[in-house]
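Student:
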Amino acid sequence: MAWGKSAPEGDRPSWLARIEANDAALRSVHVLRVRAFDEATQIATAKALEENEHVREFYASGHRVSAPAARAWAACLAINTSIKSMCVGDETFGDDGDDGTESALETTLRGAAHGAALERLDLEYKGVRDEHGRALGKCMAQCAMRELRLGRNEKLGAVGYAATFNGASEGATLETLDLTDNALDTASASALGEFLKSPCPLKRLGLTRCAIGAEGLRAVGAGLASRASVEALEMNGVKLGKGGAHACFGDGLFTIGTQKLSITAVEFVQCEIEDAKDVEALDSFLAACPNLVSANLRGNAFGDAGLATLAKGAFGTRVPESLDLGACAITVDAADSLGFVLKASKSLALFDNAGLGDAGVAKIFGAGQGSSLTLLDLGAVGLTVEGLRAVVKAFENPQTFSDLRTLVVGGNPGAQDDEWERLVNNLRAIRPELDVAWRAADGGDDSKLTRDATGRVISVDN
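Reading the sequence shown from the start, the letters are residues 1 to 462 in the numbering used here.
(1) Could you say which of 412, 375, 432 lies nearest to residue 398 if we only look at CA atoms?
(2) For residue 12, collect the residues of the same chain with a Cβ closer than 6 Å to its Cβ; drop the 5 residues on either side in sequence, then sort them by chain order.
(3) Would you report the Cα separation of residue 15 and residue 79, rounded to the nearest angstrom?
(4) Quick one: any contact between the segment 205 to 218 and the segment 226 to 239, if contact means 3 or more CB pairs under 8 Å?
(5) Could you check which residue in 138, 33, 55 has the C-alpha nearest to that of residue 24?
(6) If the criterion is Cβ atoms closer than 8 Å, does the pair residue 201 and residue 229 meet it?
(7) State yes or no: is the C-beta of residue 337 within less than 8 Å of the C-beta of residue 308?
(8) Based on the DSSP output, what are the partners of residue 266 in its beta bridges?
(9) Which two residues bound the contiguous beta strand (DSSP E) that contains residue 406?
(10) I'd like the span of the alpha helix (DSSP H) that includes residue 388, first residue to last.
(11) Could you give the DSSP three-state label for residue 307: helix, strand or coil?
(12) May I ask you to report which of helix, strand or coil DSSP gives residue 324?
(13) I need the DSSP call for residue 248, collapsed to helix, strand or coil.
(14) For the structure I just gave you, are there three or more beta carbon pairs, one from the segment 157 to 171 and one from the segment 98 to 110, closer than 8 Å?
(15) With DSSP collapsed to three states, give me the class of residue 176.
(16) Using DSSP with H/G/I as helix, E/B as strand and the rest coil, what is residue 145?
(17) May I ask which residues mark the beginning and end of the beta strand (DSSP E) holding residue 375?
(18) Going by beta carbon distance, what residues of the same chain come within less than 7 Å of residue 301, once the five residues before and after it are set aside?
(19) Helix, strand or coil: how does DSSP classify residue 205 here?
(20) How many angstroms separate the CA atom of residue 223 from the CA atom of residue 144?
(21) When you compare only the Cα positions, how much space is there between residue 149 and residue 401?
(22) Please classify residue 19: is it buried, with 16 or more other beta-carbons within 10 angstroms of its beta-carbon, or exposed?
(23) Express the C-alpha separation of residue 63 and residue 321 in angstroms, rounding to a whole number.
(24) Taking DSSP as the reference, what is the three-state secondary structure of residue 58?
(25) If you measure from the CB of residue 125, is any heavy atom of the ligand MG nearer than 7 Å?
(26) Just the C-alpha distance for residue 293 and residue 68, rounded to the nearest angstrom, thanks.
(27) Residue 217 and residue 244 look like a contact to me (Cβ under 8 Å); what is the Cβ gap, rounded to whole Å?
(28) Going along the chain, which residues of its own chain have a beta-carbon closer than 6 Å to the beta-carbon of residue 87, five neighbours each way excluded?
(29) With DSSP as the reference, label residue 228 as helix, strand or coil.
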């Protein structure tokens with residue numbers, strides 16, 4: 001239940017009465033930032049939650065927590081037996097009290113450490129600093145925490161990370177760790193690397209847009225090489241170009257045929273991977289992931305040569321079901337190399353590879369018979385009206401992309417021609433089961449396109 005609409009000042013939120021009544025239908029409460037959530041209301045809410053048996057999630061990010069409110073939240077978390085996911089506080093959560101006493105964050109963590117049900121703690125942009133590491137580590141060691149979000153805490157450093165990770169290692173229950181938008185110096189990254197070598201059953205690691213230097217990347221890579229439990233790795237925006245990928249994955253750290261990781265999904269969007277040395281290092285890492293299902297490499301301009309490396313290496317024997325090669329500077333000269341994807345994958349995104357053009361698309365459709373693809377994104381690949389006409393002709397063969405259900409062709413130069421719409425309608429007539437997306441993307445309104453967090457099209461709403 002979300003509480004976000006304005007109401008007369010002094011009115012109690014409707015969900016508070018339901019919490020107090022132990023309403024079995026109320027399982028989740030989300031207090032929006034725009035709604036007042038003052039000290040008195042927080043204390044009343046925390047008190048009501050102490051005995052509540054049904055609320056599983058409470059989210060109230062962006063609201064200041066005073067010292068009295070923090071004590072109430074601490075008592076609540078220590079007593080409550082149903083809350084599994086918790087997020088309270090704003091960017092001042094970690095600030096010291098006015099009289100130099102402990103922060104509201106530390107007070108709250110002392111209660112959370114005794115939580116019987118708490119599994120997910122969201123501390124993103126909560127002013128977490130090194131001095132909070134001890135309290136956070138104790139919390140991680142004592143309660144069965146499965147997910148910790150620590151992103152956007154710019155003052156958190158190696159001391160805090162080490163204490164937190166030591167606690168998580170001792171607790172041995174953490175499965176998801178998100179550090180989005182944090183800066184990890186060498187010592188901090190080394191602490192993470194050591195944590196990855198611990199028995200903790202970590203399954204998902206989020207490092208999106210983290211600032212990590214070469215030595216730090218080397219430490220993270222070494223940790224990943226020893227961590228067989230990780231299933232999902234997100235490094236979108238991490239600078240892996242100019243030797244970064246080689247530092248993280250190179251120097252024989254991941255050996256083809258011997259190293260076996262459990263990773264099923266990787267996100268390397270806009271990591272600046274371009275040089276052959278970095279592509280080769282990335283390839284060795286991907287080759288060590290035999291169970292890979294999804295790989296997003298969008299925005300890395302490694303070009304035709306890089307694609308050839310992957311086609312002959314990591315993807316030479318097994319291709320992920322979903323592969324995003326958008327904005328990778330792939331041209332018509334490398335179109336033939338895409339055959340490995342067409343035969344084995346379910347989803348292929350080539351958005352913003354203008355060098356493919358009509359000739360490149362023709363090569364793709366020439367290899368389309370027997371393809372397993374259900375989604376093909378050919379947006380902004382330089383397709384003209386003549387190119388689309390050839391595509392329509394290719395679809396007349398029922399064996400060409402017979403399993404395809406979504407085709408994206410927006411953002412192409414030919415879409416500005418009146419003939420384009422007629423051709424799209426012809427295509428829909430030939431393949432009525434096929435969703436063809438072009439208008440929404442071309443007009444800058446992609447409300448009909450459902451994309452994942454990285455911009456990949458996953459469905460179309462007609």
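Beta carbons: idealized from backbone N, C-alpha and C, even for Gly.
Tutor: For this structure:
(1) Of 412, 375, 432, the residue nearest in Cα terms is 432.
(2) none
(3) 20 Å
(4) yes
(5) 55
(6) yes
(7) yes
(8) 233, 295
(9) 406 to 408
(10) 385 to 395
(11) Helix at residue 307.
(12) strand
(13) helix
(14) no
(15) strand
(16) Residue state, collapsed to three classes: coil.
(17) It spans 375 to 377 - the beta strand (DSSP E) in which residue 375 sits, taken as one unbroken run.
(18) 274, 328, 329
(19) strand
(20) 23 Å
(21) 41 Å
(22) buried
(23) CA-CA distance, residue 321 to residue 63, rounds to 42 Å.
(24) strand
(25) Ligands in the displayed structure: none, and consequently the ligand MG is not present.
(26) 48 Å
(27) Yes, residue 217 and residue 244 are in contact; Cβ-Cβ is about 6 Å, under 8 Å.
(28) 59, 61, 122
(29) coil
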